[in-house]
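Each position in the sequence shown, counted from 1, maps to that position plus 2 in our numbering. Data block below; observations after.
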Amino acid sequence: MITLGEYIIEKQHQFPNATGELTQLLGAIRLAAKVVNREINKAGLVDIIGATGVENVQGEVQQKLDLYANEKFKAALEARGEVCGVASEEEDEFVSFDSARSDSKYVVLMDPLDGSSNIDVNVSVGTIFSIYRRVSPCGTPVVLEDFLQPGHCQVAAGYVIYGSSTMLVYTTGHGVHGFTCDPSLGVFYLSHENMRIPDDGVIYSINEGNYLKFPTGVKKYLKYCQEIDPASNRPYTSRYIGSLVSDFHRNLLKGGIYIYPSTASAPKGKLRLLYECNPMAYLIEQAGGKASDGFNRIMDIQPTELHQRIPFFCGSQNMVETVEAMMREYSANE
Ligand code: AMP
Ligand code: P6P
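What follows is the structure in structure tokens.
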């Protein structure tokens with residue numbers, strides 16, 4: 003039984019020149035995850051459930067636990083000292099930590115509590131994080147360009163899923179590893195080393211309520227999923243939780259595809275490139291899967307805005323390639 007902390011330090015030793023800064027940063031995320039997990043598990047008992055009435059930059063009403071999670075992750079990251087700034091779904095602009103942190107070489111982008119509208123109906127939610135080396139000189143104030151890096155520059159990425167059990171899943175570019183929290187001790191133990199997503203799956207996750215607004219290629223793919231063809235294990239199964247981390251985690255374990263495409267009303271889709279799609283894309287690629295916007299690799303997209311949205315196709319490699327072929331075939335007429 004190896005703990006998350008022991009595992010992180012063991013991996014650091016594979017980098018003789020490592021200073022321990024990334025180790026410390028990952029430790030801060032581990033601590034904040036425990037604090038948020040504790041509050042989520044008793045959300046029904048204390049007055050931090052439900053909306054604040056305040057809208058975030060996305061125009062979405064913020065749930066109180068959204069703000070709580072945002073504050074706890076920011077505080078843990080600032081206190082640990084390895085991060086010079088943070089960008090968050092809950093923050094209109096990036097947050098530059100005080101000058102004492104300007105020597106730090108990492109920035110963190112996060113969705114502190116994704117799927118939070120599910121909290122008051124007791125459905126799993128998650129935290130998503132993405133870590134980069136800053137591109138501006140250490141010792142100077144962090145700048146927007148430090149956050150607008152393509153996903154292939156990520157140093158690390160991961161998520162916490164606050165579900166039937168709480169897990170932390172992360173990658174630093176050497177595979178995907180999952181740790182399960184023992185609530186009696188508040189300790190994350192290695193439970194899923196070297197997670198791999200099957201090349202094929204029989205689960206598709208999409209909000210079919212938007213069907214009429216989907217691109218033709220997506221409509222064609224959905225009908226493909228629903229055709230009766232036992233030889234290719236179709237019809238597939240539709241599973242959509244409405245919480246990205248939950249749908250992603252299930253597909254990672256069982257195989258499957260998650261799609262949030264552009265729609266007539268949302269031409270860039272709903273999910274955010276920097277702190278939802280890029281970290282999930284890093285994880286899925288490290289697990290042997292694929293992530294695109296229907297045409298291009300997510301991690302090659304050059305960001306232009308902090309909260310920019312992007313259509314998202316993510317999961318088992320063969321499933322993503324099948325829908326990408328349909329997107330290419332039918333996009334010419336759209
Ligand atoms: P550091 O000097 O701690 O910032 O580490 C330098 C680089 O070594 C990091 O950007 C990673 O690529 C790698 N590294 C250091 N510590 C770890 C760790 N605990 N797990 C995985 N990679 C690490
Ligand atoms: P819809 C939650 O708000 C989220 O960002 C993802 O976690 C989830 O997959 C998606 O939006 C759900 O969106 O439009 O289907 O309700």
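All residues carry an ideal CB built from backbone N, CA and C; glycine is no exception.
{"Item": "Bridge partner(s) assigned by DSSP for S294", "Value": "R299 and F315"}
{"Item": "Host beta strand (DSSP E) of R135 (start-end)", "Value": "V127 to R135"}
{"Item": "Any beta strand (DSSP E) of 3 or more consecutive residues that is wholly inside the region 160-206", "Value": "168-173, 178-184 and 189-194"}
{"Item": "Continuous beta strand (DSSP E) assignments of at least 3 residues falling wholly in the region 22-108", "Value": "53-57, 63-65 and 85-90"}
{"Item": "N39 beta carbon near ligand 3 (any heavy atom closer than 7 angstroms)", "Value": "For the structure depicted, ligand 3 is absent and the ligand set comprises only ligand 1 and ligand 2."}
{"Item": "Near ligand 1: G22 beta-carbon under 7 angstroms from a heavy atom", "Value": "yes"}
{"Item": "CB of G175 within 8 angstroms of CB of H194, strictly", "Value": "no"}
{"Item": "Simplified DSSP assignment, three categories, for M3", "Value": "coil"}
{"Item": "Where the beta strand (DSSP E) through Y223 begins and ends", "Value": "From DSSP, Y223 is part of no beta strand (DSSP E) but of the alpha helix (DSSP H) over T218 to Q228."}
{"Item": "With 16 other Cβ atoms within 10 Å as the buried cut-off, status of E326", "Value": "buried"}
{"Item": "Rounded distance between the beta-carbons of S264 and G271, thought under 8 angstroms", "Value": "5 angstroms"}
{"Item": "In chain order, each beta strand (DSSP E) run of at least 3 residues that lies wholly inside the region 240-282", "Value": "259-262"}
{"Item": "Proximity winner among A293, G290, N280 and P305, relative to Y161 (alpha-carbon distances)", "Value": "N280"}
{"Item": "Any non-hydrogen atom of ligand 1 within 7 angstroms of Q14 CB", "Value": "yes"}
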